[in-house]
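Chemist:
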Amino acid sequence: MRDKRWAEVDRYLCESLEVGDAALDAALAANAEAGLPAIDVSALQARLLELLARMMGARRVLEIGTLGGFSTISMARGVGRSGRVITVEAEADHAAVARANIARAGLTDVVDLRLGMALDILPTLVTEAPFDMIFIDADKESMVAYLDWALRLSRIGTVIIGDNVVRSGEVANPRSADPSVRGVQGYLQAMGKNPRLIATALQTVGEKGWDGLAVALVVAD
Ligand code: DHB
Ligand code: MG
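With the working numbering applied, the sequence shown corresponds to residues 9 to 229, in that order.
(1) Would you list the residues whose beta-carbon is nearer than 5 Å to any heavy atom of the ligand MG, in the order they occur in the chain?
(2) At which residue ranges does the segment 109-191 contain complete beta strand (DSSP E) runs of 3 or more residues, listed in the order of the chain?
(3) Hey, how far is the Cα of Arg73 from the Cα of Ile142?
(4) How far does the beta strand (DSSP E) with Ala207 in it reach, from first residue to last?
(5) Given 8 Å as the limit, tell me if Ser184 has its C-beta closer than that to any heavy atom belonging to the ligand DHB.
(6) Determine the closest residue to Val227 out of Leu159, Trp218, Gly165, with distance taken between C-alpha atoms.
(7) For the segment 15-76, which segments carrying the beta strand (DSSP E) assignment without a break, of at least 3 residues, lie completely within its bounds, in sequence order?
(8) Taking contact to mean 3 or more Cβ pairs, one atom from each stretch, closer than 8 Å, check whether the segment 81-94 and the segment 116-127 are in contact.
(9) Cα separation between Val192 and Val223?
(10) Could you tell me the alpha carbon to alpha carbon distance between Glu149 and Trp157, rounded to whole angstroms?
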């Protein structure tokens with residue numbers, strides 16, 4: 009289910025609000041050139057990530073799943089020149105494209121890209137914790153494990169954002185056998201029953217189809 013007006017409205021909103029710019033367009037072009045899957049967040053969602061970082065005054069952001077660095081660039085803008093975004097990517101070719109995109113955006117000094125499997129890298133980040141904001145946007149099968157690590161790397165006040173929590177509505181199918189859907193369902197349930205978190209999720213439509221973002225605040229140690 010995808011309405012072409014969703015994409016038209018995304019374009020209208022981007023034009024009206026002047027969301028998107030040469031560095032972000034160049035990143036998407038480089039991703040396409042390198043054959044990366046076009047599964048970045050939308051430009052409007054990337055601006056939301058930037059705004060959340062700005063609204064919180066976030067200085068330290070952790071991203072799980074860099075892909076080509078589109079969301080990374082936006083969050084790096086949000087933390088300012090003295091902030092840091094640590095972003096974790098498992099695929100060396102994705103990481104190479106992302107590094108070039110981040111450099112082209114003038115953000116090499118803000119972004120620290122760690123190449124490796126997230127479940128290997130995350131334990132090494134204990135010394136960099138706590139993070140102010142954590143964006144989980146890697147493989148969906150491991151989302152519960154990523155949430156466990158996000159909580160270990162958090163403090164009271166940390167915001168944890170999970171991407172792709174609606175999956176064209178499949179998230180509400182309790183019989184889904186899709187491991188990605190099962191992963192997202194486990195993630196949402198784990199957040200719901202964790203007394204350290206207050207969470208919500210928003211369904212989104214747009215150029216990326218029908219999906220959603222989950223947003224949670226850490227309220228207890
Ligand atoms: C997929 C992953 C994403 O992070 C996303 O934004 C969209 C799709 C996927 O694995 O299919
Ligand atoms: Mg995603």
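Here a beta-carbon is modelled for each residue, glycine too, at the ideal position from N, C-alpha and C.
Modeler: According to the structure shown:
(1) Asp145, Asp171, Asn172
(2) 119-123, 141-144, 167-171
(3) By 1-based counting over the sequence shown, the position of residue 73 is 65. By 1-based counting over the sequence shown, the position of residue 142 is 134. Before going further, note that residue 73 is Gly rather than Arg in the sequence given. Whole-angstrom Cα-Cα distance: 11 Å.
(4) Here the question's residue 207 lines up with position 199 in the sequence shown. Unbroken beta strand (DSSP E) run through Ala207: 205-214.
(5) In the sequence shown, the residue the question calls residue 184 occupies position 176. No, the Cβ of Ser184 stays beyond 8 Å of every heavy atom of the ligand DHB.
(6) One-based indexing of the sequence shown puts residue 227 at position 219. Measuring from the Cα of Val227, the nearest candidate turns out to be Gly165.
(7) 68-72
(8) yes
(9) Residue mapping note: residue 192 aligns to position 184 of the sequence shown, counting from 1. Residue mapping note: residue 223 aligns to position 215 of the sequence shown, counting from 1. Cα-Cα distance, rounded: 13 Å.
(10) Along the sequence shown, one-based indexing puts residue 149 at 141. Along the sequence shown, one-based indexing puts residue 157 at 149. Straight-line Cα distance between these residues: approximately 15 Å.
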